[in-house]
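Only one structure is covered here, and it is reproduced in the block below.
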Amino acid sequence: MNIGKMTDHAGEWLRGNGPHHDIVISSRIRLARNIAGFPFVNRANLRQQHEVLALCHEHIVEQKLEDDVLWIDLRDSPQLDRELLVERHLISKQHAGSKEEAPRAVAIGVDETFAIMINEEDHLRMQVLRSGLQLTEAFQHINHMDDQLESKLNYAYSQRFGYLTACPTNVGTGIRVSVMLHLPALKLTGEIEKVRRAARDMHLAVRGLFGEGSEAIGDLYQISNQTTLGKSEMEILADFETTVVPQIIAYEKQARQALLQQRPEQLDDKIHRALAILKHARVMGTEEVLQLLSHMRLGVNLGRITSVDMKTINDLFLLTQPAHLQRIASRSMSPVERRVERASLIRSKLKHCAVE
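Per the working numbering, residue 741 is the first one in the sequence shown, and the count goes up by one each step.
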């Protein structure tokens, strides 16, 4: 696997399969860990950061934490490649945009099912992604990796507080559980506030497509826990799998049924208008495309569009992002050029899709 092949397909989080994949785009488990004897990244000098990087490379790559791990030294990576990794949810914007000389890297697994950021906010930020609602499976995978690394690396741990992390909200288990949800019907019916209220009641965060500080473009919402101290991993998982996510899925399904029964003409207009614009537009911006693709995705899930498959739509969510467009074209583009190229790519992908 290499970074040049990534634009051939969508990442694991957009595969379009797994339980409840019509609403739950992906499940993610993240763990924050630090190595005892070294200051946190923001306090460490360059020599100490280099030592952490070397230790992690030894135990992740050289000792084969998993097969076929791709190690990317971000100091040597072009800005475009770093932006592509952000778009694929494999590194954070912070990790991509750190000072050029800062020793940092990412280790990526086969099919992008896991990624480990080295020297981001913590020494190690591990994540496992699964398509659909598969939090338990994701946790089992990341727990196995974490156990392997903990047997070789001396983690910073306190008997009183648990795993020590740079951000106090991660202290304890160091776990972040999140799901990405596609909620177009709740948005169309003006009931999206139900999700925000449910999240507030459970002390959860609601964010957009690219996490903290991002907007919910394309009707995509990330729901995640905000603190880890005082709860076990299994308690946090249980909250999500038995209460939070089923409740939001039920809200979205009710909204979809309401649209079908009470506003079918308006629903079909939204869906087919989106398809017509995507098939024929010559200039398109990122946010406009994501919103139109959201309506198309809803149409496919409700059986209102049958001439395009879910994989094509899911691929376009990712391949129309700025870095992906430029990587596919093998050249840098101005914003205006990207808007033209984006429309051209969409037309080519949807050329056999009929407006019904």
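Glycine residues also receive a C-beta, built at the ideal position from the N, C-alpha and C atoms.
Minimum Cβ-Cβ distance from residue i to chain B less than 9 Å
| i | result |
| --- | --- |
| Arg900 | In the structure shown, chain B does not exist; there is a single protein chain. |
Beta-carbon gap between residue i and residue j smaller than 9 Å
| i | j | result |
| --- | --- | --- |
| Leu771 | Arg865 | yes |
| Leu793 | Leu889 | no |
| Leu825 | Ile743 | yes |
| Asn883 | Ala776 | no |
| Pro843 | Arg815 | yes |
| Val984 | Gln962 | no |
| Gln867 | Phe854 | yes |
| Ala750 | Leu1059 | yes |
| His829 | Trp753 | yes |
| Arg1078 | Ala1021 | no |
| Leu1007 | Leu1042 | yes |
| Ser1074 | Leu820 | no |
| Glu975 | Cys907 | no |
| Gln803 | Lys892 | yes |
| Glu852 | Met746 | yes |
| Ile765 | Gly872 | yes |
| Glu827 | Pro1062 | yes |
Neighbour-count burial assignment, residue i, 16 or more Cβ in a 10 Å radius
| i | result |
| --- | --- |
| His943 | exposed |
| His1064 | buried |
| Met920 | buried |
| Ala1016 | exposed |
| Met857 | buried |
| His863 | buried |
| Asp959 | buried |
| Glu840 | exposed |
| Thr1046 | exposed |
| His790 | exposed |
| Ala847 | buried |
| Arg940 | exposed |
| Ser1070 | exposed |
| Asp886 | buried |
| Gln1001 | exposed |
| Arg1044 | buried |
| Ala990 | exposed |
Assumed close pair residue i, residue j - CB separation to whole angstroms, cut-off 8 Å
| i | j | result |
| --- | --- | --- |
| Cys1093 | Lys1019 | 7 Å |
| Met1024 | Arg1067 | Not a contact, Cβ separation roughly 18 Å. |
| Gly849 | Val809 | 6 Å |
| Gly902 | Thr913 | 6 Å |
| Val935 | Asn965 | Not really, about 15 Å apart at Cβ, beyond 8 Å. |
| Trp811 | His799 | Not a contact, Cβ separation roughly 12 Å. |
| Gly948 | Ala956 | 4 Å |
| Thr876 | Leu977 | 7 Å |
Counterpart residues of residue i in DSSP-defined beta bridges
| i | result |
| --- | --- |
| Gln867 | Arg770, Ala855 |
| Val1040 | Looking at the DSSP assignment, Val1040 forms no beta bridge with any residue, so it has no partner. |
| Tyr895 | Ile775 |
| Leu921 | Val764, Tyr961 |
| Val846 | Ile812, Met857 |
| Arg916 | Arg770 |
| Gly902 | Ser898 |
Contact set for residue i: own chain, Cβ-Cβ below 7 Å, skip 5 residues either direction
| i | result |
| --- | --- |
| Gln874 | Gly758, Pro759, Ser767 |
| Ala995 | Ala925, Leu926, Thr929, Glu931 |
| Ile1053 | Leu1033, Met1036, Arg1037, Val1040 |
| Tyr897 | Tyr903, Leu904 |
| Val801 | Val809, Trp811, Ala847 |
| Ala1014 | Leu1032, His1035, Met1036 |
| His716 | No answer is possible for residue 716: it lies beyond the span of the chain, which begins at 741 and ends at 1096. |
| Pro818 | none |
Beta-carbon proximity list for residue i, same chain, < 6 Å, skipping 5 on both sides
| i | result |
| --- | --- |
| Glu992 | Ile763, Leu923, Ala925, Leu926 |
| Val781 | Asn859 |
| Leu1038 | Pro924 |
| Met1050 | Gly756, Val1040 |
| Lys1010 | His1035 |
| Val1048 | Cys1093 |
| Ile831 | Leu825, Val846, Met857 |
| Glu1027 | Ile957 |
| His881 | Val868 |
| Asp813 | Ala845 |
Cβ shell of residue i (< 8 Å), same chain only, five flanking positions each side left out
| i | result |
| --- | --- |
| Glu973 | Phe879, Asn883, Thr913, Ile915 |
| Asp1055 | His749, Ala750, Leu754, Lys1089 |
| Asn774 | Phe780, Asp862, His863, Leu864, Tyr895, Ala896, Tyr903, Leu904, Thr905, Ala906 |
| Ala998 | Ala925, Thr929 |
| Gln987 | Ala938 |
| Leu795 | Ile775, Leu893 |
| Glu933 | none |
Heavy atom of the ligand GTP within 8 Å of residue i beta-carbon
| i | result |
| --- | --- |
| Leu923 | In the structure shown, the ligand GTP is absent, as is every other ligand, since no ligand is present at all. |
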